[in-house]
Structures are given as structure tokens and as C-alpha cells.
Amino acid sequence: MRCKLYTTISIMLAIFSVGMMQAQQASFEVPATNSHATIEQQVAATDIKVDYNRPNRKGRTIFGGLIPFGKIWRTGSDASTKIYFSTPVLLNGHALDSGRYELFTIPGKTEWTIILQSNHSQWGSYRYKPDNDALRITAKPEILNRQLETFTIGFDQITSNSAEMAISWEKTRVPISITIDLAKTVVPQLETSLQNDERKQYFRAAMFYYENDLDINRAAELMALAIKANPTHLGMLYRQGLILEKKGDIKGAIGAAEKSLQLAQSAGEELKAEYIKLNTALLQRLKR
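In our numbering, the protein residues as written are 1 to 288.
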């Protein structure tokens, strides 16, 4: 009886193993001719994601050949290219709401049309309808000094509130500027975090306001709170001087710079040299 039981269990395990192998084999997908890529870029508090396929040139003439000028293009291969923005943005100065879009283009010799569509399920550009356009803008193509074999979408020129997205292939590069309105996208989150976050990142918040030309009065308030918790921090005091200078409070700026300069005298050699130089230059500017 026991022998029969072992035999039955062995047969069941064998059947299960064969079934698992068949399932694994059935799930295998033949690699696509064109490689797939996903690229993500963060600009300030905005997340940008592009999902696309990357065909190769393979010796062909691309623009004005394989891809005719003046015709709608899926901007890649196979399924249409998808692009996602987590906040509202400006593309070449034109407003676009947050959300997920499909990216189409109309290549031209001297000008390209860039199209963002709200339809999310298209294969190629076969079912493209202008009624679904969320945004249409134009961009000027640039000539590359080398041949680019694989179609590429990438990000460059990243700043605190902007980036450049480039569509590149063959010897053509088409840049598109992306700009973020920090006052609308970052400041509300920043202020909420200052209320709720126990770390109270007053210094970083103050510098964010200052460096991005936002509310300078708020920058001064936040820096004062940061220094209240760190009254002998020579770096914070120096930057308080910068903020107060920008605010127009010259007397306050001089006071902060002089205190930072005094503290620098007893700092380590590296900090001492750096902050004596920085504060001396600031005071000379303030006392002119």
C-alpha cells in the first residue's frame, strides 16, 4: 500500500514538473526587432517618463526617405511613444496639463510639428485623429556632426526648473524645452512639508526660495528660523547675508556677514579660508 502511495506521488510530481516546464516555455516571448526603452527624468518635483521603441538606421536614409517630410510619424517604431508628466509643464512655452500622452511628430526640413495626444491605445499612427490633440507645437531641427544609428529620446540641460528633451536619429536632433512652474508645483508641497515634517528643513527651503527667485521675504523668514536652531552656523549666517542683500535689508545683511566672518576666525583651516574670503567679498559689496 505504501509503495503504491509513493508511486502515485512520484507520478503526480512528474506531471506537475512537466506542466511547469511547458508553462515556462509557453511564456517565452520572441525578442522584438526594435529594442524597447523607458527613460525617466526628474525636474524639481516633476517626474517625466518616456516609453518608446528604438529602431536602427541600417544604412537607410531616414528623414525625407523612410520617414517622409510632412507626414505624421509615430516617433519611434511599433506601438506609439508614450510620455508622462506628473505635474503641469510648459513645452516650448506652451502649457500642458499633467498626465499621460502619446507623442507624434511631423518631420520637416526646417521645422517639426510636435503633437501630444490624449489617446493612449494607438499602434503606430494609423488611427491618429487631430481631434485628440492635447497640444501642438513647433520645434527647429539641428544637424548632428555624426550619424546616430539608433533612434533616441533623451534629456539634457537639466536645471532647477527646466530640461531639454531631444528627439535624435540619423544626423537630426530636435530639442524641446520643458519648463516647470516652481511656484505652482513645488512651493505648495514644500510649505506642507514644513508644517508636517519634524525635520523642519528651514535652511534648504530658504535656499530654494532664494536660488529660484521666488518669494524673498519667505526666504528670509525661513533662514531666520534655521539660524534660530543653529545660531553659530557660519555657513547659514553667510547665506542669510545673501538673502537679506537680495531683500534690500543692507543693515541686516552686514550684521549676518560680520557675525559669520567673526565665527570663521576660529573655524578649521579650510572653512576659515573659505568663509573669510566669502564674507569679505560680501561686506565689500554691501558697504560700497
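Glycine is no exception: its CB is placed at the ideal position from the N, C-alpha and C atoms.
Check	Outcome
Give the single residue among 249, 86 and 132 whose Cα lies nearest to the Cα of residue 48.	86
Under a three-way DSSP split, which group does residue 293 fall into?	Lying before the first or after the last residue shown, residue 293 is absent from the chain, which here runs from 1 to 288.
For residue 46, collect the residues of the same chain with a Cβ closer than 8 Å to its Cβ; drop the 5 residues on either side in sequence, then sort them by chain order.	85, 86, 87, 89, 180 and 185
Check the DSSP bridge columns for residue 217 and list the partner residues they point to.	DSSP lists no partner for residue 217.
Contact between the stretch 58-69 and the stretch 201-218: three or more CB pairs below 8 Å?	no
With a CB to CB cut of under 6 Å and the five nearest residues on each side skipped, what residues in its chain are close to residue 152?	168
Decide yes or no for the touch test of the stretch 258-272 against the stretch 217-224: beta carbon pairs closer than 8 Å, at least 3 of them.	no
Mind checking whether residue 247 and residue 216 have CB atoms under 7 Å apart?	yes
According to DSSP, simplified to helix, strand and coil, what is residue 41?	strand
Using the beta-carbon count (16 or more within 10 Å), is residue 213 buried or exposed?	exposed
Buried or exposed for residue 196, going by 16 or more other Cβ atoms inside 10 Å?	exposed
Are the Cβ atoms of residue 279 and residue 257 separated by less than 7 Å?	yes
Do residue 166 and residue 178 have their beta-carbon atoms positioned less than 7 Å apart in this structure?	no
Do residue 33 and residue 51 have their beta-carbon atoms positioned less than 7 Å apart in this structure?	no
I'd like to confirm the pairing. Which residues does DSSP put opposite residue 191 in its beta bridges?	Partner(s): none; residue 191 has no beta bridge.
Any idea if residue 268 is buried or exposed, counting beta-carbon neighbours within 10 angstroms, 16 or more meaning buried?	exposed
With a cut-off of 8 Å on the beta carbons, I'd call residue 72 and residue 114 a contact; round off their distance for me.	Contact doesn't hold; Cβ gap of about 12 Å is too wide.
Please list the segments of the alpha helix (DSSP H) lying wholly inside the stretch 210-255, counting only runs of 4 or more residues, in order along the chain.	216-229 and 234-247
Quick one: what's got a C-beta closer than 7 Å to residue 240's C-beta in the same chain, skipping five residues either side?	223, 227 and 256
Exposed or buried, what is residue 40 when buried is set at 16 or more other beta-carbons lying within 10 Å of its beta-carbon?	exposed
Please work out which residues of its chain come closer than 8 Å, Cβ to Cβ, to residue 110, disregarding the five sequence neighbours upstream and downstream, and give them in chain order.	140 and 141
Need the endpoints of the alpha helix (DSSP H) that residue 143 sits in, please.	Counting along the chain, residue 143 falls outside any alpha helix (DSSP H), though it belongs to the beta strand (DSSP E) covering 142-156.
Looking at residue 53: is its Cβ nearer than 7 Å to the Cβ of residue 27?	no
Can you tell me which of the three DSSP states residue 203 falls into?	helix
One question on the structure: do residue 118 and residue 95 come within less than 7 Å of each other, judged by their Cβ atoms?	no
What number of angstroms, rounded off, separates the C-alpha of residue 332 from the C-alpha of residue 161?	No statement about residue 332 is possible, as the shown extent of the chain runs from 1 to 288 and does not include it.
Suppose you measure from the CA of residue 69 to the CA of residue 29; what does that come to, to the nearest Å?	35 Å
If you compare alpha carbons, which of 91, 56, 175 and 260 is closest to residue 238?	260
Suppose contacts are defined by Cβ-Cβ distances below 7 Å. Is residue 149 in contact with residue 57 by that definition?	yes
Can you give the Cα-Cα distance for residue 146 and residue 159, rounded to whole angstroms?	27 Å
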